[in-house]
Amino acid sequence: MEYNFREIEKKWQKEWATRQTYHVEADPAKKKFYVLNMFPYPSGAGLHVGHPLGYIASDIYARYKRSQGYNVLNPMGYDAYGLPAEQYAIQTGQHPAITTEQNIARYREQLDKIGFCFDWQREVRTCDPKYYHWTQWAFSRMFNSFYCNACRSAQPISRLVAHFEEKGTEGLDVAQSEELRFTAAEWKAMTEEEQLQVLMNYRIAYLGETMVNWCPALGTVLANDEVVDGVSERGGHPVVQKKMKQWCLRVSAYAQRLLDGLDGIDWTDSIKETQRNWIGRSEGTEMEFSVKDSDVKFTIFTTRADTIFGVTFMVLAPESELVQQLTTPEQRAEVEAYLEATKKRTERERIADRRVTGVFSGSYAVNPFTGDAIPVWISDYVLAGYGTGAIMAVPAHDSRDYAFARHFGLPVVPLIEGADVSEESFDAKEGTVMNSPREGVNALDGFSLNGLSVKEAIAATKQFVTAHGLGRVKVNFRLRDAIFSRQRYWGEPFPVYYKNGQPRLVPEECLPLELPEVTKFLPTETGEPPLGNATRWAWNEETREVVENALIDNEKVFPLELSTMPGFAGSSAYYLRYMDPANAAALVGPEANAYWRQVDLYVGGSEHATGHLIYSRFWNKFLFDLGVACEDEPFRKLVNQGMIQGRSNFVYRIKDTNTFVSLGLKDQYDVTPLHVDVNIVQNDQLDLEAFKAWRPEYATADFILEDGKYICGWAIEKMSKSMFNVVNPDMIVEKYGADTLRLYEMFLGPINQSKPWDSNGIDGSFRFLRKAWNLFWGKDGGLTVTDAEPSRESLKTLHKLIQKVTDDIEAFSYNTAVPAFMIAVGELAQQKCTSRSVLEPFVVLLAPFAPHICEELWQALGHEGSVCDAPWPAFDEQYLKEDSVTLSVSFNGKTRFTLDFPADASKEAIQEATLASPQAQKYLEGKQVVKVIVVPGRIVNIVVK
RNA sequence: GCUCGAAUGGUGGAAUGGUAGACACGAAGGACUUAAAAUCCUUUGGCCAGUGAUGGCCGUGCGAGUUCGAGUCUCGCUUCGAGCACCA
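Just so we're aligned, residue 176 is where the first sequence starts under my numbering, counting upward by one.
1. Taking all protein chains shown into account, decide if Met894 is buried (16 or more other Cβ within 10 angstroms of its Cβ) or exposed.
2. If we require 4 or more residues per run, which alpha helix (DSSP H) segments fall completely within the stretch 264-301?
3. Unbroken beta strand (DSSP E) runs of length 3 or more, entirely within the stretch 800-857: which are they?
4. Does the stretch 899-907 come within contact of the stretch 844-860, defined as at least 3 CB pairs closer than 8 Å?
5. Identify which residue in Pro413, Val722, Met462, Leu382 has its Cα closest to the Cα of Thr395.
6. So if DSSP puts Tyr673 in a beta bridge, which residue, or which two residues, is it bridged to?
7. Between Ile446 and Met489, how many whole angstroms is the CB-CB distance? I'm expecting something under 8 Å.
8. Could you give the residue range of the alpha helix (DSSP H) that holds Pro994?
9. Can Thr785 and Thr449 be called in contact, C-beta distance under 8 Å?
10. Is the distance from the Cβ of Pro1016 to the Cβ of Ser242 below 8 Å?
11. Taking one C-beta from the stretch 1026-1045 and one from the stretch 967-987 each time, how about it: are there three or more such pairs within less than 8 Å?
12. Taking Cβ to Cβ, would you say Asn651 is nearer than 8 Å to Ser457?
13. Under three-state DSSP, which class holds Met567?
14. Compute the beta-carbon to beta-carbon distance between Lys630 and Ala480, rounded to the nearest angstrom, for a pair I have assumed lies under 8 Å.
15. Candidates Arg432, Ser1063, Asn903: which alpha carbon is nearest Pro227's?
16. Are Arg711 and Pro691 touching if we call contact CB-CB under 8 Å?
17. Please go through the stretch 635-670 and give each complete alpha helix (DSSP H) segment of 4 or more residues, from N-terminal end onward.
18. Find the nearest neighbour of Gln296 within the set Ser929, Ile886, Asn758, judged by alpha-carbon distance.
19. Spatial neighbours of Tyr753 within its chain, please: CB distance less than 6 Å, with the 5 preceding and 5 following residues excluded, ordered by chain position.
20. Taking all protein chains shown into account, decide if Asp468 is buried (16 or more other Cβ within 10 angstroms of its Cβ) or exposed.
21. With DSSP as the reference, please indicate the residues paired to Met386 in a beta bridge.
22. Can you give me the C-alpha to C-alpha distance between Leu437 and Ala232, rounded to a whole angstrom?
23. Could you give the residue range of the beta strand (DSSP E) that holds Gly779?
24. By DSSP, does Lys604 sit in helix, in strand, or in coil?
25. Hey, how far is the Cα of Leu627 from the Cα of Val415?
26. Taking DSSP's pairing of strands, which residues face Gln330 in a bridge?
27. Which parts of the stretch 226-250 are runs of the beta strand (DSSP E), unbroken and 3 residues or longer, counting only runs that do not cross its ends?
28. Taking the beta carbon of Met740 as the centre, do at least 16 other beta carbons fall within 10 Å, making it buried, or is it exposed?
29. Kindly give me the distance between the Cβ atoms of Gly252 and Tyr749, rounded to whole angstroms, as I take these residues to be in contact under 8 Å.
30. Is Val814 near Asn927, with beta carbons less than 8 Å apart?
31. Who are the Cβ neighbours of Ile1105 in its own chain at under 7 Å, not counting the five residues just before and after it?
32. Just verifying my parser: in three-state terms, what is the DSSP assignment at Val1119?
33. Measure from the alpha carbon of Phe696 to the alpha carbon of each residue in Asp983, Tyr178, Glu261, then state which is nearest.
34. What are the boundary residues of the beta strand (DSSP E) that includes Met213?
35. Please classify Gly883 as buried or exposed, where buried requires at least 16 neighbouring CB atoms within 10 angstroms.
36. I'd like to know if the stretch 657-670 and the stretch 311-322 are in contact, where contact means that at least 3 CB-CB pairs between them fall below 8 Å.
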C-alpha cells in the first residue's frame, strides 16, 4: 500500500478537531505538565519554515509527556498588538483590527497543516478586550502598589499612605524615584493633588519625567531593549534622547529578586548571563565629598574605594544637578557652552564618536582621607542615570579616567606595586597596594592600605568609610525602569484619566476600557497621540454609568490617557491566562493557577532575553506578591531554538544590459548581483523559463551559460521577503507532507543552533517515513503485522530505540533521535520483522515526531483511540544483553584489532586470553608488557615498552 | 574592552575519557528501464604501498599539559558567533 500522506494528514487533522483530542482540563488526579511556545506576532508575511521549528520541538515534548501519562497543557495564541499592523494602517487606511484578523486566520491555517497538539479552546489574543482587561487590571494594581524593600514585596499604596500619616517619611525603606523627606504634619497639610504627586514617587506603575528614547520616524518612545546601536529595532529609524512625561514600571525595584531568581531556574547559561549583564548588579561604596570654600557636599559611587589615594580629579555628568551648584562664576560661560554642545550630540553620535571632552567647573572637592583639594570637572563620559551622576577619577586604575587625564594633562598616581601606567591604566583588581597614603602624608586616623592586596584594601576601605560616617556600602543596578507608554493607536489603552492634572484610575469594575474606533492612525494636528482622534470611547455596557460618573463631574469631562501600552504589556502574563482563559472574574482563578502553577517548558528565541523574558519575570513576581500567581518564577525550563536562516540565490546581470551571466563566468564581466527567488532555483541551477516569467522586465533576458546551465551564486542571510529566500512550510507540506517536514526540521541540527534552511536533504526524511510505512504493509496492500513471537534481534532493535529516543527527547536532542529511527527501521526491515509486539511500540515511539502517519498505523493495528494516549513503551535492559562482547585491543592507546569474549568473562580471563591471542603475539614480539587495562564492554589496552 | 558559546569530511552534523566521522545530503559507479523519473545496491576523510583481498601512516582550529589512552579534561593562543559596553 502506498504512503498517501495527503489523505492521511487531512483525515487525522479533521479527526483531532472533531474529537477534541488535544483539549485538556485541570485534573487533580493527574500530574500536570505545561508546555508553552512564545506566541507569535501574526505578521502579514505568514509563517516561514523557521517559525515552526520551536513549535515542533515543543509539540514532540508535549506528546511524549502525554504518552507518559501527564495532563499536558499546550496552548497557543497571538501577540496581536504591534507596530507593523499600525504602519500598514497609516499607509492604507485599513484598520489594524482587520489586517490582524486576516493574518491570524492565515497563521492558523498554516499551523493546522503541521499537525500540532495545541488546545485551541484556550487561544488568547492580546488585542481582545476580554484579554487586555487583565493587562489593564495588572496596570491598575501596579499603580496602586509600592515596593517595600524591607519585606521584599509589593504592597498596597494605602499602607504607604498610612505610614505617611503616622510618621511621614521617617523609617521608610521603599523603592522610589528620588528620596523625599517630610513629616506626618507636612503630609497632612498637603492638598489632594500634592499628595497624589508625592505618591507618584513610589508607585510601581508611575508617571515619570524621564529621558526617553524618542523615535521621530515612528512618533513614539521606545524601551531600552527596543533600541539597538542608536536606531530602532523595528525599522532602523534614528532615536534621540528627549525628556518626556511617560508611564514607567518600577522594574528596578525587583532587580535583586530578578537576579536571585535566575539561580533556581533551568535556563541556558548564556540567557542567564545576558540577563545578569542587563540587570548589572555592582557592589560598591558611596562616599561623601565636601567642596572647598562651600557648604555643598556631594556623593559619588565607586567599586574601587581602595583607590581613594589616587583620586586626582572628580567628574560630574553634564545633566547632574550639581553642575549648577559647583560651577564658579569665572567658569560659567565655558561650562554653559559645554552643556549646550553635549545636548546637541545624540546618543548615536556619542557612541560613534568617542572623543574625550570636558570642562573644569572651577570648584575643588576635598579628599576626606587626606584633605587634598581635587578639581571637579564636567564630562559626558559620566552618565547621569547611573550611580549618583558623579565619580571620583583614578586615572592610574581606570582606562576612561586615564584617557581623560592624559587629554587634559591631569596627574596620574599609581597605587599598585609594579603597575606601569606610562602607556595605559592598570584596571585589574590585583596586586599589592602602595602610595596609600604616599610617603609623608598622614591620612585620617592614620588610615593606610599599603601592603594589602586589592581585595583586602577594598574591604578595609568599606569598613573604614562606614565606621567614620564618610559614606556607606551600596549596591547599584544597571537595570532601569521600563518605559511603558507609546504614542500609538494599536495597543492597550491605559485605564487612566486626568483630573486637575493628576492621573487617576478608571475604576477596576469598569474594565476593560476598550480601544475606541478611529479613522486616522496618525497623531492629531495638535500633536497628540492617535487616540486623540477618537470621538467616542467604548465602555463596558454594564459599567457605563460608573465610568461616566467618574469621568464627568459637574458637566466637566476629564480627559483620558491618550498613549497606549507597549508590545510587552500583553505578552507579560499570557501564560497565566492560558490556565483559565474564559475566567471573566480574574486573570486566572486560584484553582486553575494552583493546578498548572508555572510553565514547565518554555520554547522560544533568545532575542527576547532582555525584553519579554525580563518583563514577564517582573510581571509574574508582582502578581506573586499580590497572591495571584503561586510561583515566583513563570518559566521553569527555557529552551532557545536557533534561527533558521535563509539561503539566498543570486543572478549576475551585466551592467546596463538585460544579460545574465552564470556564476563561473561572472568575473569576466562588470556585473551587479541580484537576489533571485529561491523557489525558481534547484540545486543552484536557475530555471530559465521560470525566471523569464518571474518579472516582466526579465521576459526578454539573455543568458550566458556554462555547460548549458545557469548556475546561481548563494549566501546565507536572514530569511526575509526582500531577499527572496523565504521557504514556506505550506509548500513543503504539499510536496512531502507535514510528518516529513516535522522530522526534517528536527533532523537539521541541534535545536538551539542557528542554521540555514536547505531543502536538499528533505528527501531523506521522506524516504524514511515511506520505509517505516512499508514495514506494515505487504505488496498486496494488506497489513502484514502478525502475532508471532518477535525475534531476539528485533526486540534488541526495539529496546535500543526506546532507550535512545527517550533519552534524546528528555535532552532535546531530536537531531540524534531521528537517525535512531532510521537505523531501527533499516534493521527491522532486514529482520523482516512483522511482530505486533515490536511494531506497536515502534508506532508509539514515532508518534510524537510524525503523528499523522502513526495515527493511521495505530488505527490499522486495530486501536480505537489516539496513539498519543498509548503509554510510552518501557525500556528493558535485558534485551540488550549479548552472549558475547567485542572488545577492541589497543597497544599504548592505539587500537590494533578486536576480539570476541563471552559476555560474562572476568577481567582476568579477558586479560589472559588477549595476551595469549596470536594477533597480540605479533605485536608483543621483542616488547615487554608493563600493564594491561581492561574496561569491561569497551577496550583492552596493553601498555608495552 | 568585559562576559558567554563554538571550531570535527564536499555539506548539515554523530561520538558516557576507550575502534573519530553515526545518520542524512551531495558526489561517483552499478542494477532495473527504449529513455527519464522513481526505486534498489556499492563506494565516498587524506596520503602511501599493492592487480587484489588488504596493509601502513596522518588526521577533530593552533601550542603545551594531565592520562595506559584526549574530539572530549586543564592551561595558553587563533578565528568566528552571541550578549553587554564610557555602568565608575
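Idealized CB from N, CA, C, for every residue including glycine. Bear in mind that the values here come from a model prediction, so they are computed numbers and not experimental data.
This is what the structure holds:
1. buried
2. 271-289
3. 813-815, 819-829, 834-836, 846-851
4. yes
5. Pro413
6. Pro678
7. So it is not a contact: roughly 38 Å between Cβ atoms.
8. 989-1005
9. yes
10. no
11. no
12. yes
13. strand
14. Not quite, the Cβ-Cβ distance comes to about 12 Å (not below 8 Å), so this is no contact.
15. Asn903
16. yes
17. none
18. Asn758
19. Pro250, Arg297
20. exposed
21. Lys418
22. 24 Å
23. 776-779
24. coil
25. 46 Å
26. Phe321
27. 246-248
28. buried
29. 6 Å
30. yes
31. The question names Ile, but residue 1105 in the sequence shown is Val. Closer than 7 Å at the Cβ level, and outside the excluded window around Val1105, lie Val1118, Val1119, Lys1120.
32. strand
33. Glu261
34. Looking at the DSSP string, Met213 is not in any beta strand (DSSP E), and its letter there is neither H nor E.
35. exposed
36. yes
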